[in-house]
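Residue numbers (my numbering): 5 to 339.
Glycine included, every Cβ here is placed at the ideal spot set by N, Cα and C.
Accompanying notes for the structure given below.
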């Protein structure tokens with residue numbers, strides 16, 4: 005009888021202890037780590053366990069204890085239900101709210117496509133239209149954003165230092181992402197896509213990465229048909245070698261700020277460092293964000309003797325070796 009009473013006593017103590025511990029844990033997970041409503045983004049990768057996710061949250065100041073987060077997930081039976089994805093969370097959320105969001109996989113993002121040849125101005129406008137950023141903040145940041153050393157541009161006349169490196173692609177952007185995070189996402193993809201073999205190729209052809217991207221941006225904006233890109237790249241390189249002005253209409257359109265259908269002589273006389281009719285060599289920086297096809301066209305241009313080209317009404321370019329031939333081509337496409 006005595007033994008049974010002792011067993012019952014210990015069972016009661018154990019139950020009470022568990023209830024107390026559970027009550028304490030419940031109270032703790034109902035608390036917030038911060039009164040700040042500041043939003044932040046975490047990326048939970050496939051294979052991450054509760055402890056790994058807890059580390060991410062702790063680094064952001066969203067929880068006070070990784071061990072408590074792991075214990076709370078386990079007690080609620082959700083430790084193995086935390087899902088991979090990009091999450092926008094607030095620092096004033098309780099631990100229980102965070103666990104519930106991660107368990108349900110409530111990611112908050114929009115899918116957006118950046119077309120090849122879009123400029124900083126166009127991308128900034130598009131992001132604002134999708135409620136994914138402030139255009140003015142994006143453009144201001146783009147003036148000096150240089151996440152990788154090879155993207156540095158010390159030319160005082162460059163408009164946006166990140167122009168050319170916001171890689172055209174389809175992105176999944178969380179609604180709480182900052183303008184800097186969006187720029188980092190796009191430039192990081194550029195860095196990944198511009199492979200070691202491509203970097204080695206720039207050395208082979210005697211150009212820096214910056215020069216390749218400037219030329220690629222010109223090719224991107226000039227070419228309307230894919231097959232014309234390597235030839236246009238070849239023409240630009242030939243003109244540079246012969247110390248001829250590039251006379252790219254695309255640079256004038258960049259100065260004007262929109263794709264004007266027909267440029268006038270007055271347009272080509274606009275005073276700007278980007279005016280390749282007035283200034284020899286390359287413009288201060290890229291005039292757009294080129295796609296991979298345009299970049300490869302510069303890395304592997306068509307070997308040609310052409311020095312001139314003009315587009316017809318269908319967008320196809322006609323190439324010439326001499327100025328006299330070029331004038332004839334202009335007359336023909338004008339009919």
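Judged by their CB atoms, residue 121 and residue 172 are nearer to each other than the 9 Å cut-off.
By the neighbour-count criterion, in which 16 or more other beta carbons inside 10 Å mark a residue as buried, residue 201 falls on the exposed side. Rounded to the nearest angstrom, the Cβ distance from residue 55 to residue 70 is 6 Å, consistent with a contact under 8 Å. In the structure shown, residue 45 falls within a strand segment according to DSSP collapsed to helix, strand and coil. When secondary structure is reduced to three states using DSSP, residue 127 falls in the helix class. Residue pairing by DSSP places residue 314 opposite 322 in a beta bridge. Ranked by how close their Cα comes to the Cα of residue 118, the residues 321, 326 and 294 have 294 in first place. Contact check for residue 167 against residue 123 passes: the beta carbons are separated by less than 9 Å. The C-beta of residue 332 has fewer than 16 other C-beta atoms within 10 Å across all chains shown, which makes the residue exposed. Rounded to the nearest angstrom, the gap between the Cα atoms of residue 169 and residue 47 is 23 Å. Take residue 321, set aside five residues on each side of it, and the residues of its chain with a beta-carbon closer than 6 Å to its own are 232, 313 and 315, in chain order.
The alpha-carbon separation between residue 284 and residue 139 amounts to approximately 32 Å. Under the three-state reduction of DSSP, residue 90 is assigned to strand.
Contact annotation: the stretch 77–94 touches the stretch 177–193, with at least three C-beta pairs closer than 8 Å. By the neighbour-count criterion, in which a residue is buried when 16 or more other Cβ atoms sit within 10 angstroms of its Cβ, residue 273 is exposed.
When DSSP reads this structure, residue 177 sits in a beta bridge with 114. Note on geometry: alpha-carbon atoms of residue 62 and residue 262 lie some 47 Å from one another.
Bounds of any alpha helix (DSSP H) do not take in residue 40, whose DSSP letter is neither H nor E.
Each residue's CA atom was taken as its position, placing residue 325 and residue 310 some 4 Å apart. DSSP places residue 212 in no alpha helix (DSSP H); its state is neither H nor E. The alpha carbon of residue 87 has as its nearest neighbour, out of 57, 67 and 257, the alpha carbon of 57. Across the structure, residue 269 and residue 110 are spaced so that their CA atoms are roughly 56 Å apart. Considered as a whole, the stretch 132–159 harbours 139–146 as its complete alpha helix (DSSP H) runs of no fewer than 4 residues, in chain order. DSSP, reduced to helix, strand and coil, places residue 98 within a strand of the structure shown. In this structure, the straight-line span from the alpha carbon of residue 104 to that of residue 85 is close to 10 Å.
Within its own chain, the residues whose Cβ lies closer than 8 Å to the Cβ of residue 307, once the five positions on either side in sequence are excluded, are 238, listed in chain order. For residue 73, the closest alpha carbon among the candidates 51, 154 and 98 is that of 98.
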